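Novice: Just so you know, the sequences run in chain order A and B. So for the first sequence, the working numbering puts the first residue at 794; every next one is plus one. So for the second sequence, the working numbering puts the first residue at 794; every next one is plus one. Just so it is clear, CB atoms sit at the ideal spot from N, CA and C, and this is done for glycine as well. Computed from a predicted structure; not experimentally measured. I have a structure I would like to understand better, so I am pasting it below and will then ask my questions one at a time.
2 protein chains.
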Amino acid sequence: MSAKKPFRPKARKPRGFEDRTGSVLRAEQHLISAATRIYDSWGFEPLQTPAFEYAEALGKFLPDEERPNEGVFALEDDDGQWLSLRYDHTAPLARFVAEHYQDLNKPYRRYQAGDVWRNEKPGPGRFRQFVQCDADTVGSASPAADAEMIALASQVMQAAGLSTGEYLVRVNDRRILDGVLETIGASEPDRRIRVLRAADKLDRLGREGVAALLGEGRKDESGDFTEGAKLDTAGIDTVLGFLDAGGGSRAEVIARLEGLVGASETGKAGLAALSEIHDVLSAIGVKDDQAVFDPSIVRGLGYYTGPVYEAELLATAHYDDGKPIQFGSVGGGGRYDDLVARFTGQAVPATGFSFGVSRFAAALSALGRGGAGDEAPLVIVVAAEKDRSADYLAMAAELRAAGFRAEAFVGGGNMGKQMKYADRRGAHAAVIVGSNEREAGEVTIKDLKLGARLAANIEDNKAWREEQPAQSTVKRDQWVEEVRAILARR
Amino acid sequence: MSAKKPFRPKARKPRGFEDRTGSVLRAEQHLISAATRIYDSWGFEPLQTPAFEYAEALGKFLPDEERPNEGVFALEDDDGQWLSLRYDHTAPLARFVAEHYQDLNKPYRRYQAGDVWRNEKPGPGRFRQFVQCDADTVGSASPAADAEMIALASQVMQAAGLSTGEYLVRVNDRRILDGVLETIGASEPDRRIRVLRAADKLDRLGREGVAALLGEGRKDESGDFTEGAKLDTAGIDTVLGFLDAGGGSRAEVIARLEGLVGASETGKAGLAALSEIHDVLSAIGVKDDQAVFDPSIVRGLGYYTGPVYEAELLATAHYDDGKPIQFGSVGGGGRYDDLVARFTGQAVPATGFSFGVSRFAAALSALGRGGAGDEAPLVIVVAAEKDRSADYLAMAAELRAAGFRAEAFVGGGNMGKQMKYADRRGAHAAVIVGSNEREAGEVTIKDLKLGARLAANIEDNKAWREEQPAQSTVKRDQWVEEVRAILARR
Chain A
794 MSAKKPFRPK ARKPRGFEDR TGSVLRAEQH LISAATRIYD SWGFEPLQTP AFEYAEALGK
854 FLPDEERPNE GVFALEDDDG QWLSLRYDHT APLARFVAEH YQDLNKPYRR YQAGDVWRNE
914 KPGPGRFRQF VQCDADTVGS ASPAADAEMI ALASQVMQAA GLSTGEYLVR VNDRRILDGV
974 LETIGASEPD RRIRVLRAAD KLDRLGREGV AALLGEGRKD ESGDFTEGAK LDTAGIDTVL
1034 GFLDAGGGSR AEVIARLEGL VGASETGKAG LAALSEIHDV LSAIGVKDDQ AVFDPSIVRG
1094 LGYYTGPVYE AELLATAHYD DGKPIQFGSV GGGGRYDDLV ARFTGQAVPA TGFSFGVSRF
1154 AAALSALGRG GAGDEAPLVI VVAAEKDRSA DYLAMAAELR AAGFRAEAFV GGGNMGKQMK
1214 YADRRGAHAA VIVGSNEREA GEVTIKDLKL GARLAANIED NKAWREEQPA QSTVKRDQWV
1274 EEVRAILARR
Chain B
794 MSAKKPFRPK ARKPRGFEDR TGSVLRAEQH LISAATRIYD SWGFEPLQTP AFEYAEALGK
854 FLPDEERPNE GVFALEDDDG QWLSLRYDHT APLARFVAEH YQDLNKPYRR YQAGDVWRNE
914 KPGPGRFRQF VQCDADTVGS ASPAADAEMI ALASQVMQAA GLSTGEYLVR VNDRRILDGV
974 LETIGASEPD RRIRVLRAAD KLDRLGREGV AALLGEGRKD ESGDFTEGAK LDTAGIDTVL
1034 GFLDAGGGSR AEVIARLEGL VGASETGKAG LAALSEIHDV LSAIGVKDDQ AVFDPSIVRG
1094 LGYYTGPVYE AELLATAHYD DGKPIQFGSV GGGGRYDDLV ARFTGQAVPA TGFSFGVSRF
1154 AAALSALGRG GAGDEAPLVI VVAAEKDRSA DYLAMAAELR AAGFRAEAFV GGGNMGKQMK
1214 YADRRGAHAA VIVGSNEREA GEVTIKDLKL GARLAANIED NKAWREEQPA QSTVKRDQWV
1274 EEVRAILARR
């Protein structure tokens, strides 16, 4: 009614955010429901904390420890208090446990799947919102609880459709490296953090880059200089030797580490934990080709205090040009005995595992696994006569009652447009009752998948049109059975 | 390492947000998965838009039209653009459709379940984050598409465990009231909005309050004055008569409305839509006791352009003091043909239905419906000997392999503490292998539910201790079958 030209916002989503649809989203849902079923069967309980936490309660335990003030979406509430969107499910769990500590039945075992947000520079495949699915056991100091997490990780990988050999859970205990640092006299906190950060970059920078970071420091391609841990040559060799101590069975790695850890009590405690984890994993059937010990796993997050683990996808897909897509780590976790103590001052032992659902689902979708394409076949009832919607919707309802996925076309457009719609929806069959069929008490059913296959092989267009081999017309009381027969032969 | 006293944040969640656990959360998950299965079977596709939208793209279509600048959580991105958290799933859908309009296969039918955020004053049962689950059909102007939404609403109510008679979908078409306003010469936009808002308050204010808002205006208890629509007495009577025209079968309401709508083309179009909706609902088996026409339904949101609908929960639960809990509306929707046009300038017909999952799940949980308490029974393997975790975890794994939900206790504490833990977890059975059992090759199994029932009826404590009627000790090769027998008799 106003003469003013109306404001038209641009239809665009904020940078770094994505709309998820189709097979990737279905793979995500499939993954969450598979993981949830497993966590349930192991006795974990669901929890949903809110998206927001008070900024001070959330703390700043982001992987990028070098920019501790960045990475979080925060806003000021109208009472002046700052709220932050969660960046993982662990920090909110620590708040939850501290808030309800007296009332919680311990060990408290919970799972949670949901969005997390990182206020980071978006890039290709790097989003500012993604889904994580976590399981945690709070109130158990036993390595058996860590072993459970590792076993759960392996089970989720299997439930996602991966076979043994297509994934690997890599396990370590941070205290072993701490023990090594003690023996070489390099365990001051600052130095330790630099060593941990350097070790975490072995994949990316290789031995030489890590050696530089363990020593004086390293200048990267952009010219930025990262100060090193200032170990001497012997120290660098010891640490690199430790990082290389993986390979072979879990028992072999344990034997190798026994030679490296020396007299340090910290290191021995770490090794004892790995040893018990090994016993439990073996007892519950998690084999050496499903979970291994790898001393090079340190995990970036500052809060881990003992065992750490990473789930790696070994299966590869290929780009259109044949190049392999490496997926790498799709989840990780560890023991964080000090996180609840931030609130209460009292250490509460806790261990957990987190899957990057979005990342994992994208990989599964690229691999053609994990439920992508598993949807039930779709049948479209065509709107052949304009004023007969009620009939067509009733037919779709009849198909659903018979157990099929069915939709009556409710848009506008002629038969050609509707068949194109059915085709683009990936429908398996189209059901048609035009005036001819209606008067004859019949129903025409097109097998769209067969039609597409036949059409690809047929050169005589005229013969095709006359024979209509992928189409049949049946009596009204037989049409649902005919649809069943068509869907059965796919 | 610092001498400074460490900062201890308070463990509390932001006001207006909740941690969801236990039966309410399970009811939520059950509801979403039931709705999702139904939407899938009707041919809808999943979509997940991000939590954030550009503020200008989101627009301000909140129910509370009187405070259009409030209600949204917004923050400034580091490039100076404002981001808002979605307050529903409809506005982001309009952005998505406008952004991809050329590529979308239309009608585009999608469902989406997820959190939405309202930056409002929290109150009892009124949270700033909750879950909604929506289905929408975009690109169909047909009342058949509206009828589908109403049928879906009815199906979801049934899938949630409600019977016919325990819920009702109330349907109206806003254009009928517009027709009435035309016939009484009161269809200027401002006046129309005031009439719609007044009508929307019939439940809360009753006839007298609404009459005041239709006339000169109304002063509420706090003394605030709301200006009225300034209808004359005859006009007020006509509108109130229209709002009262519900009751009886859908056909009866249509007949009644035909007498009220007069010569207005708008009104006739609304009535024709209701008539077609009635035909479709009848054809697909949605009966008069599942969906009714109710002219008093207008829905607060500004963007609806035709049919509107509300799903009402009629079933009541009771507070501990016997007072009934009325749940009221748990969902609603309608046709919004102008929402995509905000971006493109071109009207795109669309209709959708939204469930308040959190609200609905809380109601279902209070009613004892909707999957609450449906979890599989839990079996706890007690950690009877300290250094035997691997054995106990292997036994839990054996139970899971046999199809049970099982957990080995991984916390610390003696048998009493562990039995208390099992009890508080609601476990059905506890499995015990202490040194006696281990040496004898036996397993002791406690039926915790039977034990609790028997204990409540037994007065002779000594006899109870000696007989242990809810406990059996079996040979190692029979223990899984013994657990099966115990779980079977519950």
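(1) How many Å lie between B:A1187 and B:A1263 at the Cα?
(2) Would you say the stretch 1120-1127 of chain A touches the stretch 1146-1157 of chain A, given that touching needs at least three Cβ pairs under 8 Å?
(3) What's the gap between the Cα of A:V890 and the Cα of B:V973?
(4) Measure the Cβ-Cβ separation of B:L1033 and B:A1004 and say whether it is below 8 Å.
(5) First and last residue of the alpha helix (DSSP H) that includes B:S826?
(6) A:P807 versus chain B: which residues are under 8 Å apart at the beta carbon?
(7) Applying the criterion that 16 or more other CB atoms from any shown protein chain within 10 Å of the CB defines a buried residue, is A:S1228 buried or exposed?
(8) Mind checking if B:V988 is an interface residue toward chain A, Cβ cutoff 8 Å exclusive?
(9) Between B:E1178 and chain A, is any beta-carbon pair separated by less than 8 Å?
(10) B:V1141 and B:G932 look like a contact to me (Cβ under 8 Å); what is the Cβ gap, rounded to whole Å?
(11) Would A:L1033 pass as an interface residue toward chain B - the criterion being a Cβ-Cβ separation below 8 Å?
(12) For A:R990, which of helix, strand or coil comes out of DSSP?
(13) Let me know if A:D1180 comes out buried or exposed under the rule of 16 or more other beta-carbons within 10 Å of its beta-carbon.
(14) Under 8 Å Cβ to Cβ from B:V1054, same chain only, skipping five residues before and after it: list those, please.
(15) Tell me the DSSP bridge mates of B:G809?
(16) So with Cβ pairs under 8 Å, would you call B:Y1214 a contact of chain A?
(17) Is B:D870 near A:P807, with beta carbons less than 8 Å apart?
(18) Taking the straight line between their C-alpha atoms, what separation do you get for A:G1021 and A:R1092?
(19) Name, in chain order, the residues that DSSP records as bridge partners for A:Y904.
(20) Does the beta carbon of A:E811 sit closer than 8 Å to a beta carbon anywhere in chain B?
(21) Can you find a CB in chain A that lies within less than 8 Å of the CB of B:I1047?
(22) Does the Cβ-Cβ distance between A:A1199 and A:V1174 come in under 8 Å?
(23) From A:V1046 to A:G1121, what distance separates their C-alpha atoms?
(24) Quick check on this structure: which residue in B:R911, B:E1191, B:G1161, B:D1113 has the alpha carbon closest to the alpha carbon of B:A820?
(25) Tell me, please, whether the CB atom of B:F1148 is closer than 8 Å to any CB atom in chain A?
(26) Figure out for me which residue from B:L1132, B:A1056, B:D1082, B:S1089 has the closest Cα to the Cα of B:D1037.
(27) Where A:Y894 and B:Q1211 are concerned, what is the direct C-alpha to C-alpha distance, given to the nearest angstrom?
(28) Using a Cβ-Cβ cut-off of 7 Å (strictly less than) and excluding sequence neighbours within five positions of B:E859, which residues of its own chain qualify?
(29) Taking 7 Å as the line, does the beta carbon of B:L955 fall inside it for any heavy atom of the ligand FMN?
(30) To the nearest angstrom, how far is the alpha carbon of A:A844 from that of B:A934?
(31) Anything in chain A within Cβ reach of B:D1072, meaning under 7 Å, just list it in chain order.
(32) Which chain A residues are close to B:A1223, counting only those with a beta carbon under 7 Å from its beta carbon?
(33) Suppose you measure from the CA of B:T930 to the CA of A:V865; what does that come to, to the nearest Å?
(34) Can you check DSSP and say which residues form a bridge with B:R963?
(35) Assign A:I1118 to one of two classes, buried (16 or more other C-beta atoms within 10 Å of its C-beta) or exposed (fewer than that).
(36) With DSSP run on the structure shown, which of helix, strand or coil describes A:Y847?
Specialist: In short, the structure shows the following:
(1) B:A1187 and B:A1263: Cα-Cα distance of roughly 24 Å.
(2) Yes, since at least three Cβ pairs between the stretch 1120-1127 of chain A and the stretch 1146-1157 of chain A fall closer than 8 Å, the two stretches touch.
(3) Whole-angstrom Cα-Cα distance: 58 Å.
(4) Yes.
(5) B:S826 -> alpha helix (DSSP H) spans 815-834.
(6) Those are P843, F845, E846, Y847, D870, Q874, L876, listed as they occur along chain B.
(7) Exposed is the call here.
(8) For B:V988, no CB of chain A lies under 8 Å from its own CB, so it is not counted at the interface with that chain.
(9) With a threshold of 8 Å between beta carbons, B:E1178 makes no contact with chain A.
(10) For B:V1141 against B:G932, the beta-carbon gap comes to about 6 Å, under 8 Å, which counts as contact.
(11) Not one chain B Cβ lies under 8 Å of A:L1033.
(12) Helix.
(13) That one is exposed.
(14) Same-chain partners within the cutoff: I969, G972, V973, T976, G1060, K1061, G1063, L1064.
(15) According to DSSP, which records beta bridges pairwise, B:G809 is partnered with nothing at all.
(16) Chain A contact via Cβ: present.
(17) Between B:D870 and A:P807, the CB-CB gap stays under 8 Å.
(18) About 18 Å.
(19) Residue pairing of A:Y904 in beta bridges, as defined by DSSP: A:P839, A:A928.
(20) Chain B, which has a Cβ nearer than 8 Å to the Cβ of A:E811, makes this yes.
(21) Closer than 8 Å: no.
(22) Pairing A:A1199 with A:V1174 gives a Cβ-Cβ distance under 8 Å.
(23) A straight line joining the alpha-carbon of A:V1046 with that of A:G1121 spans about 22 Å.
(24) Of the listed residues, the one whose Cα sits closest to B:A820 is B:G1161.
(25) Not an interface residue.
(26) The candidate whose alpha carbon is nearest that of B:D1037 is B:S1089.
(27) So the alpha carbons of these two residues sit roughly 17 Å apart.
(28) Here B:E859 scores only 45 on pLDDT, less than 50, and its place in the model should not be relied on; the value that follows carries that caveat. Excluding residues within five positions, none has a Cβ falling inside 7 Å.
(29) Because no ligand of any kind appears in the structure shown, any question about the ligand FMN cannot be addressed here.
(30) Between A:A844 and B:A934, the C-alpha separation is close to 37 Å.
(31) Within 7 Å Cβ-Cβ: A1183.
(32) Within 7 Å Cβ-Cβ: nothing; B:A1223 doesn't reach chain A, min ~12 Å.
(33) Using only the alpha carbons, I get a separation of about 36 Å.
(34) DSSP lists B:V1085, B:E1103 as partners of B:R963.
(35) Exposed: under 16 other Cβ atoms inside 10 Å.
(36) It is a strand residue.
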